Amino acid sequence: MSASIRPRRESVRRILRHAWESRRVWWFTATARTRARFARTTLGSFWLGLSNLFSIAVLAAVYGTVFKVQNFTVYVVYLGLGLVVWNTISGAVSGAPNLFEHNRDHLHNINLHPIFYTLEEWAFQLQTFLQSFLMVLLALSFFQHNLLFNLILCGWLPLLNLFLFLYWFPMLTCLLGARFRDLYQLVPIVLQLVFLLSPILYEKKNLGAMAWTANINPLYRVLSPIRHSLMVGEVQWGVGFVLLAANALGIWIAIRLLSSERRTLPFLI
337 MSASIRPRRE SVRRILRHAW ESRRVWWFTA TARTRARFAR TTLGSFWLGL
387 SNLFSIAVLA AVYGTVFKVQ NFTVYVVYLG LGLVVWNTIS GAVSGAPNLF
437 EHNRDHLHNI NLHPIFYTLE EWAFQLQTFL QSFLMVLLAL SFFQHNLLFN
487 LILCGWLPLL NLFLFLYWFP MLTCLLGARF RDLYQLVPIV LQLVFLLSPI
537 LYEKKNLGAM AWTANINPLY RVLSPIRHSL MVGEVQWGVG FVLLAANALG
587 IWIAIRLLSS ERRTLPFLI
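If you use our numbering, the sequence shown corresponds to residues 337 to 605, in order.
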């Protein structure tokens with residue numbers, strides 16, 4: 337095939353412009369999914385926050401006793417913030433490998449850019465997180481009163497990094513999952529192991545000689561600054577900007593890979 341008729345790969349800039357122009361559509365479809373999820377329920381999306389609060393209450397009571405924590409109030413906030421962020425990251429990553437599989441009919445029959453499905457899923461995860469996170473934060477404010485103030489003053493940079501990470505990392509997992517079906521089985525196993533090795537139910541110092549595992553754990557590196565900023569009331573600027581640069585690179589790589597895989601996706605699924 338000559339270079340003159342070889343199909344050109346779309347630029348990252350062009351794909352991002354398309355994503356921005358279609359923002360109302362994928363945000364609306366994500367909102368419709370959120371509403372349909374709790375159709376005909378009395379409490380609606382409040383179940384998102386309540387389920388997290390139930391988990392926090394039970395785990396705090398159990399592990400607070402197991403680890404013999406000195407300050408139970410601080411531990412509840414520590415565990416609660418870590419758990420609500422982890423649940424969002426875990427949910428986004430665990431559902432990523434079969435994202436295109438779930439949209440197989442659309443990819444085969446509708447001439448819609450595949451980035452639409454990644455953006456719709458991202459918006460759905462953001463909406464789920466925000467509804468749950470704000471409710472949990474309000475409940476935890478009874479234990480630490482300045483959490484909302486710290487969120488407004490110091491939480492914007494780590495939350496921005498979380499939002500960006502929730503897009504590109506699941507998207508890479510999704511693209512790899514379309515080509516390598518073993519990820520369907522591997523991702524849940526890895527997530528479970530990462531959760532057990534991450535200082536969420538316990539403090540980092542409890543890892544002892546294994547503390548280095550937290551430093552190379554990308555999921556924990558995104559989670560930790562959020563919890564630190566809200567509890568301590570300070571922004572870790574160095575960590576924040578390093579993560580921001582890593583997220584920018586991750587988004588660029590993910591979109592480039594999507595562009596190169598766009599024409600083969602219908603055949604992979």
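Even glycine gets a Cβ: it sits at the ideal position worked out from N, Cα and C.
No experiment lies behind these values; they were computed from the predicted model shown.
Inset, instruction - Could you work out which residue in Leu566, Leu527, Asn583, Glu357 is closest to Leu496 when comparing CA atoms only? - result: In the sequence shown, residue 496 corresponds to position 160, counting from 1. The shortest Cα separation from Leu496 among Leu566, Leu527, Asn583, Glu357 belongs to Asn583.
Inset, instruction - Might you give, ordered along the chain, the residues of its own chain that have their beta carbon closer than 8 Å to the beta carbon of Phe408, omitting 5 neighbours on each side? - result: Along the sequence shown, one-based indexing puts residue 408 at 72. Result list for Phe408: Ala396, Gly400, in chain order.
Inset, instruction - Could you tell me if Tyr520 is buried or exposed, where buried requires 16 or more neighbouring beta carbons within 10 angstroms of its beta carbon? - result: Taking the first residue of the sequence shown as position 1, residue 520 is located at position 184. When all chains shown are included, Tyr520 counts as exposed.
Legend entry - Bounding residues of the alpha helix (DSSP H) (the contiguous stretch that carries Pro602): Residue numbering aside, residue 602 sits at position 266 when the sequence shown is read from its first letter. Per DSSP, Pro602 belongs to the alpha helix (DSSP H) from 601-604.
Inset, instruction - State the Cα-Cα distance for the pair Ala459 and Phe499, rounded to the nearest angstrom. - result: Position 123 of the sequence shown, counted from the first residue, corresponds to residue 459. Position 163 of the sequence shown, counted from the first residue, corresponds to residue 499. Going from the Cα of Ala459 to the Cα of Phe499 covers about 10 Å.
Legend entry - Given Leu555 as reference, the closest of Ser565, Leu533, Thr365, Asn542 once Cα atoms are compared: Numbered from its first residue, the sequence shown carries residue 555 at position 219. When each option's Cα is compared against that of Leu555, the closest is Leu533.
Inset, instruction - Could you spell out where the alpha helix (DSSP H) holding Met471 opens and where it closes? - result: Residue numbering aside, residue 471 sits at position 135 when the sequence shown is read from its first letter. Per DSSP, Met471 belongs to the alpha helix (DSSP H) from 451-476.
Legend entry - Straight-line Cα distance separating Asn551 from Thr424: Taking the first residue of the sequence shown as 1, we reach residue 424 at position 88. Taking the first residue of the sequence shown as 1, we reach residue 551 at position 215. Approximately 20 Å, taken between the alpha carbons.
Legend entry - CB contact flag (Gln467, Leu415, <8 Å): Within the sequence shown, the letter at position 131 stands for residue 467. Within the sequence shown, the letter at position 79 stands for residue 415. Not a contact, by the Cβ cut-off of 8 Å.
Inset, instruction - Look at the Cβ atom of Leu559, then the Cβ atom of Leu443, and state whether they are nearer than 8 Å. - result: As a first step, residue 559 must be located in the sequence shown, where it is residue number 223. As a first step, residue 443 must be located in the sequence shown, where it is residue number 107. Cβ atoms of Leu559 and Leu443: not closer than 8 Å.
Inset, instruction - Tell me whether Met337 sits in a helix, a strand or coil according to DSSP, three-state version. - result: By 1-based counting over the sequence shown, the position of residue 337 is 1. With a pLDDT of 42 at Met337, under the threshold of 50, the predicted position of this residue should be treated as unreliable, and no value is reported.
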